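Structure record follows, encoded as structure tokens.
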Amino acid sequence: MNEIEERWGKLRLTEEEASDIVVGDEASEVLQRKFECSVVGKIWMDRKLSAVVVENTMGKVWCISQRAKFQEVGVNIFAIQFANEADKMRVTDELPLACMNEKEGKELVIL
26 MNEIEERWGK
36 LRLTEEEASD
46 IVVGDEASEV
56 LQRKFECSVV
66 GKIWMDRKLS
76 AVVVENTMGK
86 VWCISQRAKF
96 QEVGVNIFAI
106 QFANEADKMR
116 VTDELPLACM
126 NEKEGKELVI
136 L
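Be aware that the sequence shown starts at 26, since it is given in my numbering, and climbs by one per residue.
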């Protein structure tokens with residue numbers, strides 16, 4: 026552990042890396058809208074699911090105006106971006122969502 030701490034202590038930022046990043050008002054508004062239309066969800070399953078599989082499955086389950094975009098941020102943890110706040114509210118008002126596959130005895134829960 027000490028070796029890692031020593032190496033970490035020797036790291037230095039370049040002048041470019043140390044400079045401030047300025048986000049304009051327009052970019053800030055876009056990011057705020059994306060944030061307002063996003064949630065993080067976890068799927069409680071033993072096996073790992075890809076974002077594409079979850080996005081396709083939930084696209085069939087949720088009755089929303091446009092398909093939500095899923096980005097994997099951890100094992101079975103996804104950042105979910107909806108097209109608008111109405112779609113987000115429609116889905117989150119129905120949570121937790123559980124789907125059971127009786128044949129396989131598997132359950133999918135999104136919180």
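For glycine and all other residues, C-beta sits at the position ideal for the given N, C-alpha and C. None of the values given here were measured: they were computed from a predicted structure.
- One thing to note: G84 has its Cβ within 8 angstroms of the Cβ of R92.
- The beta-carbon distance between Q96 and F103, rounded to whole angstroms, is 6 angstroms. This is short enough to meet the 8 angstroms contact definition.
- Assigned with DSSP and collapsed to three states, Q91 falls in coil, not helix or strand.
- Shown here, I46 sits in coil according to DSSP, grouped into three states, outside any helix or strand.
- Contact between V64 and I105 holds: their C-beta atoms lie close to 5 angstroms from each other, under 8 angstroms.
- Just measuring C-alpha positions, the residue of T39, E40, K67 and S44 sitting nearest V100 is K67.
- Within the DSSP secondary-structure output, Q96 pairs in a beta bridge with A104.
- In the three-state DSSP reduction, S75 falls in the coil class, being neither helix nor strand.
- Boundaries of the alpha helix (DSSP H) around I29: N27 to K35.
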